[in-house]
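Quick note, the sequence shown lines up with residues 1 to 214 if you use the UniProt record's numbering.
By construction, the Cβ of each residue, glycine as well, lies at the ideal position given by its N, Cα and C atoms.
Note that the coordinates shown come from a computational prediction; the quantities given were computed from them, not determined experimentally.
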Amino acid sequence: MRVKRAIVRDLFSRAFNPGTHLTIELLTSRYGVSHMPVREALRQLEGEGVVASHAHKGFRIAEITTRYIRNVYDIRIGIESLLARRAVEQGTDADVEALAALHARFLSDLDAPDRLAATETNVRFHSALYAIAGNPEALHALEGRTLVVRTFGSDLSGYRDADRPLVAAEHQAIMDALIARDPGACSEAVYAHVTAARERLVERMLAQGLAAPA
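Okay, structure coming up:
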């Protein structure tokens with residue numbers, strides 16, 4: 001997973017541009033690893049449509065489009081809203097208290113000078129929430145199929161000022177549903193939150209030339 005994430009970050013930073021040909025030798029030298037983890041990372045990225053293999057030429061970086069981002073977010077929306085429902089159904093009082101503490105930290109981090117602090121706490125909150133659902137297969141699918149867009153989102157210098165009150169309200173709706181022990185409301189709140197996150201990411205990637213319209 002480390003090599004896969006490194007390739008995605010290089011794609012995001014434009015170290016690798018769409019159309020760039022990647023070889024096993026290039027990547028093993030760049031990341032200081034053996035052939036095996038590079039091959040596995042490229043196999044996974046090919047399955048996600050990020051690279052395409054070409055006989056005798058290695059792999060080529062595909063163009064990231066808004067259609068691709070939206071399609072991957074459809075996966076996120078479906079899995080995360082389901083996991084949120086299950087988390088409410090199976091969570092304990094201690095679980096809710098732990099999530100409330102992370103939620104409070106998240107709201108505080110939204111106003112912190114470190115613009116990435118809230119992004120990191122957001123990941124911790126959602127990871128903790130979905131872990132309660134007790135579905136490792138769903139978590140594996142979520143991690144494997146959405147890493148690319150999540151890496152782009154986390155690398156875009158945190159939340160924009162205009163988005164912070166919107167994100168805070170979305171998180172508060174999730175937390176309110178958790179406290180009320182309302183599975184349907186929590187699922188709907190996560191659905192709304194991830195859907196809005198998709199639109200924010202698409203807007204920013206288009207503005208910065210990181211995705212092609214489709």
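In the structure shown, Ser53 adopts extended strand secondary structure according to DSSP, grouped into three states.
Rounded to whole angstroms, Asp10 and Met1 show a C-alpha spacing of 14 Å. For Leu22, DSSP records a beta bridge to Phe59. DSSP places Thr92 outside both helix and strand once states are collapsed to three, so it counts as coil.
Apart from the 5 residues on each side of it in sequence, Gly134 sits with its Cβ closer than 8 Å to the Cβ of Arg86, Gln90 in its chain, given in chain order. Shown here, Ala212 sits in a strand according to DSSP, grouped into three states. Less than 7 Å divides the Cβ of Ile79 from the Cβ of Leu142. Residue nearest to His56 within the set Gly184, Val33, Ile24 is Ile24 (criterion: CA-CA distance).
A direct Cα-to-Cα measurement between Ala169 and Met175 gives close to 10 Å. Residue pairing by DSSP places Thr65 opposite Ala212 in a beta bridge.
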